[in-house]
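Here the structure is laid out as structure tokens; the discussion comes afterwards.
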Amino acid sequence: MKHTRYYVLTILAGITLASCETVIDARLDTGPAQLSVDGTLTDQPGPQTIRLTQTAGYFDNSAPPVAAGATVVVTDNTGKTYAFTDSDNDGYYTWTPAAKDTLGRIGRTYRLSITYQGDTYTASSRMNRVPAIDSIIFRKEKINPLSATEGYQAEFFARDFRGATDYYRVKYYRNGVLANKPSDIITLKDASFSGSADTDGLVFIRPFRQSINPDSLYALNDSVKVELQSLTVEAYDFWQQFSQQITNGGLFATPPANVPTNIVNTNPNGRQATGFFIASAVRTRSTKVTESAVRR
Amino acid sequence: MPTVYAQAQADQNASPRAASQDKFTISGYIKDASNGEGLIGVSVYVKETATGAVTNSYGFYAVTVPAGTYNLVITYVGYEKQNKTLTLTDQNIRLDLELKEEGRQLQEVVVSTKRDDDNVKNIEMSVNRIDVKTLQRIPALLGEVDVVRSIQLLPGVSTVGEGATGFNVRGGSIDQNLVLLDEAPVYNSSHLFGFFSVFNPDAVKDVKLVKGGIPALYGGRVSSILDVRLKEGNAKKPELNGGIGLIFSRLSYERPLFKGKGSFIVAGRRSYADILAQPFLNNDLKGAKFYFYDLTAKANYRFNDKNTVFLSGYFGRDVFGADFGFNWGNTTASARWNHVFSDKLFLNTTAYYSNYDYSLDSDLKRRPENANDYFRTDSRIVDYSIKPDFTLFLGKSTITFGGQSILHDFQPGTATAASSGDVRTFGLTSKYALENAVYIGNEQQVSPKLQLQYGLRYSLFNYVGPGDAYAFTTDVPLGTSRFPITTIQYKRGETIQTYGNWEPRFSAKYELGNNSSLKLSYNRLAQYIHLISNTTASTPLDIWTPSTNNIKPQIGDQIAGGFFKNFGRSNGSGSEFEASVEVYYKWLQNQIDYIDGANLILNKFLEGDLLSGKGRAYGAEFYIKRNRGTVNGWVSYTLARTERQVAGINGGGWFPTRFDKPHTLTTVLLVDPPQAKRWNFSATFTLASGTPATFPTNRFEFGGFTGQVISGRNNYRIPPYHRLDLAATLQGRQRPGKRKTDNWVFSVYNVYARKNPFSVFFQPDADNPRLTQAIRYSVFATAIPSVTYNFKF
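Heads up: the protein sequence lines correspond to chains A and B, in order.
All residue numbers for the first sequence refer to my numbering, where the first residue is 810 and numbers rise by one.
All residue numbers for the second sequence refer to my numbering, where the first residue is 8 and numbers rise by one.
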């Protein structure tokens, strides 16, 4: 629904022919620095990384200050412990598997513990199930209804699991490059958007199936990779609100608000942290835009 | 006490023949001689007793006096004064009158108070009237005269930003205004999401905004009443009016029916901005269609002196979208029966239907290739109501009493989604509520100087089944979503929750000499239905919800005091200048707010995402108006605060609301140069404080995106707002013997092209997520010239 709503509001805002957005100078106060956690663990083979930084002034456009020297440990509900280390003090704390070991297993709950500057922060996340992506197809379409320019519009097919409410995030890559505009944050509840939409067990509804397209659509021989990640309900809310926060504006802005965090300081009076710790199972599918993949 | 006074008056003034103290009533309708429209607010003054009456919304008046001979003076600004001499001997007199419009002088009359010195003499305070003739003079956006945009020039009325739906009165939110179109409520008063309102100026007769001292007759919203009355249609001769503007065209037709015993008016508008704007649309908006239209109609028939029936209707829709699109609109219908029981007792009974709905469709064209994949949703609110209102004219007292019964039917949203051929229907079930009220009020002339108006309204609200009532956990941190713990199912007609409220009303006026008065008022109002909207400007997709077991009714208390003074030269139609200062303080209870990230769409458990708080608003309004002269018009300045306190937001402290504007200055100047007979000019200037906004303090990075850390709600203010608009009207030459009149209106909106901020928001650059920016969003960033041609046959 976020997408439909966003679309509706864009149309509305667009009719304001004389409207105008101007980048201006604004003076802002800067608050105290906080620990910021950027951690998404997956069930994919290879190293796993958690990034720790500190918050900075809103207009400080340099790389964020590194939170170095922290102790970062992940444990799962079977008692296994994974140590994350940052040997080069760049804030990226990494766990490197021995041989074919992978960290993530669907159904397990992971608990993060960070000790930093005398405070201990914890967070936990369950790694939920994720369906496979069945196929990706293409259609030749105008890039917009009145344009003469055509491109290849991609559509992927995946079916939500029956029972229990599932939450997902979709990422897509064109020729190996991740689409990472704020508008590319795509999240689903079951087969559609949040609300009491009962779409349990359906094929993802079309706006989501077609959400993996850049503005110009794809060209012949482009490679397309789609990644489907499972989320917990908390991580889903986080992504929804994060997306809302960084795309908020115009006539129909909602009151700006902090996004939720699951990083908790064990000392309730201690400094609070921002960011999120997410355990996510991932399924991917890659394809190429070829004549044979195009539906007519 | 009042009785004693009345006797004394009678003794002094009555002729010897009237020693018996028998009292008689003079009553009737007062109409416009040119078209038979009932005139609202005409003063009927009895010289000998120094008493009088004012015509009601249907043009009816009644005065009661002892037997004797009397001189009546009938005055109405913009119309020729009439004098009548009557002798009452042994029976009541029915006196229907027609008033003639004044000639050319009409042009220079600014009418927002209709009677001579009405602002001083009338007990009403915090009331503004705008006459359609004034409306038509004010420079308008894109040349289109608009009721809602014009009332935003009045003291105490503001908006969250230009282009926003609705208006805020004395710190109230937009759902706290009862907007009535011939007594039927209009749930979304905007076209083009707020640039224009649904009222077709060609069909509007009278606009009255009540901001305080609200009489017992009205209820259901806590901040204001916007009472819009439609024309009845010309009862003398057929008339065709029209206009061609840049955004839409208008056409209306009115004519007498049944040899002048009735009349009707039909007025329509259709926008064509969609056609004109097509070449200017951005890529992703190409092919978008957007237009609106509306149709307003009214008919009346007078069966006899005692019975008149009015039927009014409005139908309008806005349509937006390309493939994906949506549309919304209001439908209202009201039937009214005016019955004069006796010369003293007047009854108006209104029955109305009001519907607001929207629908959203993933494929407006419903093409066959999308038959297996679509998404549709519908939402509506429907009201059915009956409302008898009695007025009893007793000379020194005018008693009003009556009641209202409303059935509300809320359909907050049903949706159908199809994905690869699997179809699911889901969404929310309807909610039903009954809202009933009874009231009695009295307007009493206690002494020549002191007048009181007091009343009591009792409202009773029943939230009824069929429906599910939820109880939510209280065991979560404040400001986070509460989940339901129990669900109780109710059968059809079963009461889920009942609320009742006593709503006292009181106003007093004390005259200080001939030209000034002091007024005081208090009112309490209860509001049982609420607009769920968490965006800066309300969207057409916002839903109305009833008070439930979890949502308490809003209660508003307001006290207001004012000093009113007229000065300058006085001629037959009142003083040259009128001025007022009003102060008010308003307390609001059970104000709805939202948790961060609240989910308001198709959410069965919406109530779990709502917060409840208190509001307070206070201010002073200064107003001065020149009624005539080459340069006339008004200046108003409002000093005000409006704040809210909600557990779960800003640590539970008071914070300014999104529409808090400490300073607002508006100037409306109308210029009628005597040298230029065919030209007149007008200008408006508005200066207001910037509205509060929430700015971030810090940033954090996550997943390649840069987010905000925010320290509190509405912690900054955007830059101030100011704008100048100009307009000039050229009257077409009137040809002898021809009925056609026409004019051209040239206007420029935002003359010096100020980029007034609607909001300032913060976003990372789309291509460089680490580069964060403050962006000023302006709705109208350029000067907007326009030309409109109006004609009348």
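Cβ coordinates follow ideal geometry from the N, Cα and C atoms, glycine included.
CB contact flag (residue i, residue j, <8 Å)
i: A/Phe893; j: A/Arg938; result: no
i: B/Asp189; j: B/Ser319; result: yes
i: A/Glu950; j: A/Glu959; result: yes
i: B/Gly43; j: B/Lys243; result: yes
i: A/Thr864; j: B/Asn705; result: yes
i: A/Val832; j: B/Gln780; result: yes
i: B/Ala191; j: B/Tyr83; result: no
i: B/Pro73; j: B/Lys128; result: no
i: B/Phe692; j: B/Gly170; result: no
i: B/Ser427; j: B/Asn377; result: no
i: B/Gly626; j: B/Tyr591; result: yes
i: A/Ser944; j: B/Phe707; result: no
i: B/Val273; j: B/Ser259; result: yes
i: B/Phe417; j: B/Thr546; result: no
i: A/Ala1044; j: A/Ser934; result: yes
Minimum Cβ-Cβ distance from residue i to chain B less than 8 Å
i: A/Ile859; result: no
i: A/Ser944; result: no
i: A/Pro1023; result: no
i: A/Leu1026; result: no
i: A/Ala1062; result: yes
i: A/Ser1095; result: no
i: A/Leu837; result: yes
i: A/Lys889; result: no
i: A/Val832; result: yes
i: A/Tyr815; result: Per-residue confidence for A/Tyr815 stands at a pLDDT of 46, beneath the threshold of 50, marking its modelled position as unreliable; no derived number is given.
i: A/Gln1038; result: no
Cβ neighbours of residue i in the same chain (closer than 8 Å, five flanking residues each side left out)
i: B/Phe265; result: Tyr308
i: A/Leu1031; result: For clarity, residue 1031 of chain A is Asp in the given sequence; the question names Leu instead. Same-chain partners within the cutoff: Tyr961, Arg983, Asn984, Lys1097, Val1098.
Same chain, Cβ closer than 7 Å to residue i, neighbours up to 5 away in sequence not counted
i: B/Gln112; result: Summary for B/Gln112: the model assigns pLDDT 40, below 50, so the residue's position carries little reliability, and this model does not support an answer.
i: B/His346; result: Lys313, Asn314, Leu354
i: A/Tyr901; result: Thr858, Arg860, Asp895
i: B/Ile221; result: Ile232, Arg512, Asn530, Leu532
i: A/Gln1081; result: Gln843, Asn1074
Nonlocal neighbours in the same chain, by C-beta distance under 6 Å from residue i, ignoring five residues either side
i: B/Lys394; result: Thr357, Gln411
i: B/Val642; result: Ile631, Thr674
i: B/Ser793; result: Leu149, Gly150, Leu253, Ser754
i: A/Ala1028; result: none
i: B/Ala342; result: Leu318, Ala358
i: B/Phe206; result: Val154, Val235
8 Å Cβ cutoff, residue i in contact with chain A
i: B/Gln159; result: no
i: B/Gly35; result: no
i: B/Pro286; result: Any reading at B/Pro286 must be qualified, since the residue scores a pLDDT of 49, below 50, and its modelled position is unreliable; no value is offered.
i: B/Asn337; result: no
i: B/Phe382; result: yes
i: B/Val767; result: yes
**Request:** Kindly confirm or deny that the segment 366 to 376 of chain B and the segment 396 to 409 of chain B touch, where touching means at least three C-beta pairs closer than 8 Å.
**Result:** By the Cβ test, the segment 366 to 376 of chain B is not in contact with the segment 396 to 409 of chain B, since fewer than three Cβ pairs between them sit closer than 8 Å.
**Asked** When the Cβ atoms of the segment 1057 to 1065 of chain A are set against those of the segment 1006 to 1018 of chain A, are three or more pairs found closer than 8 Å?
**Response** Contact annotation: the segment 1057 to 1065 of chain A does not touch the segment 1006 to 1018 of chain A, with fewer than three C-beta pairs closer than 8 Å.
**Prompt:** Do the segment 471 to 485 of chain B and the segment 495 to 511 of chain B meet, that is, are 3 or more Cβ pairs less than 8 Å apart?
**Reply:** In short, these stretches touch, since the Cβ pair count reaches three.
**Item:** Contact between the segment 143 to 154 of chain B and the segment 731 to 742 of chain B (3+ Cβ pairs under 8 Å)
**Value:** In short, these stretches touch, since the Cβ pair count reaches three.
**Message:** Check whether the segment 567 to 578 of chain B and the segment 542 to 557 of chain B are in contact - that is, three or more C-beta pairs closer than 8 Å.
**Reply:** Segments in contact, no.
**Asked** When the Cβ atoms of the segment 698 to 716 of chain B are set against those of the segment 760 to 780 of chain B, are three or more pairs found closer than 8 Å?
**Response** The segment 698 to 716 of chain B vs the segment 760 to 780 of chain B: in contact.
**Request:** Output, in sequence order along the chain, the residues in the segment 404 to 436 of chain B whose CB is closer than 9 Å to any CB in chain A.
**Result:** So the close ones are Gly420, Ala422, Ala424, Ala425, Ser426, Ser427, Gly428, Asp429, Arg431, Thr432, Phe433, Gly434, Leu435.
**Request:** Please determine if the segment 614 to 629 of chain B and the segment 175 to 189 of chain B are in contact, where contact requires at least 3 C-beta pairs separated by less than 8 Å.
**Result:** Yes, the segment 614 to 629 of chain B is in contact with the segment 175 to 189 of chain B.
**Message:** Using a Cβ distance threshold of 8 Å, determine whether the segment 1063 to 1074 of chain A contacts the segment 708 to 718 of chain B, with at least three qualifying pairs required.
**Reply:** For the pair of segments examined, the segment 1063 to 1074 of chain A was found to touch the segment 708 to 718 of chain B: the number of CB pairs separated by less than 8 Å reaches three.
**Asked** Going along the chain, which residues of the segment 774 to 791 of chain B sit with their C-beta nearer than 8 Å to a C-beta in chain A?
**Response** When CB distances to chain A are screened at a threshold of 8 Å, the residues of the segment 774 to 791 of chain B falling below it are Asp774, Pro776, Arg777, Leu778, Thr779, Gln780, Ala781, Ile782, Arg783, Tyr784, Ser785, Val786, Phe787, Ala788, Thr789, Ile791, in chain order.
**Request:** Using a Cβ-Cβ cut-off of less than 9 Å, give me the residues of the segment 704 to 719 of chain B that come near chain A, in sequence order.
**Result:** Those residues of the segment 704 to 719 of chain B that come within reach of chain A (Cβ to Cβ, closer than 9 Å) are Thr704, Asn705, Arg706, Phe707, Glu708, Phe709, Gly710, Gly711, Phe712, Thr713, Gly714, Gln715, Val716, Ile717, Ser718.
**Request:** Give, in chain order, every residue of the segment 898 to 924 of chain A whose Cβ lies closer than 9 Å to some Cβ of chain B.
**Result:** Correct list: empty, as no residue qualifies.
**Request:** Taking only beta carbons into account, state which residues of the segment 601 to 613 of chain B come closer than 7 Å to chain A, listed in chain order.
**Result:** Listed by position along the chain: Asp603, Gly604, Asn606, Ile608, Leu609, Asn610, Lys611.
**Message:** So, does the segment 381 to 392 of chain B touch the segment 212 to 220 of chain B, judging by three or more C-beta pairs under 8 Å?
**Reply:** At 8 Å Cβ cutoff, the stretches do not touch.
**Message:** If contact is defined by three or more beta carbon pairs under 8 Å, each pair taking one atom from either stretch, is the segment 443 to 456 of chain B in contact with the segment 473 to 488 of chain B?
**Reply:** No: fewer than three Cβ pairs fall under 8 Å.
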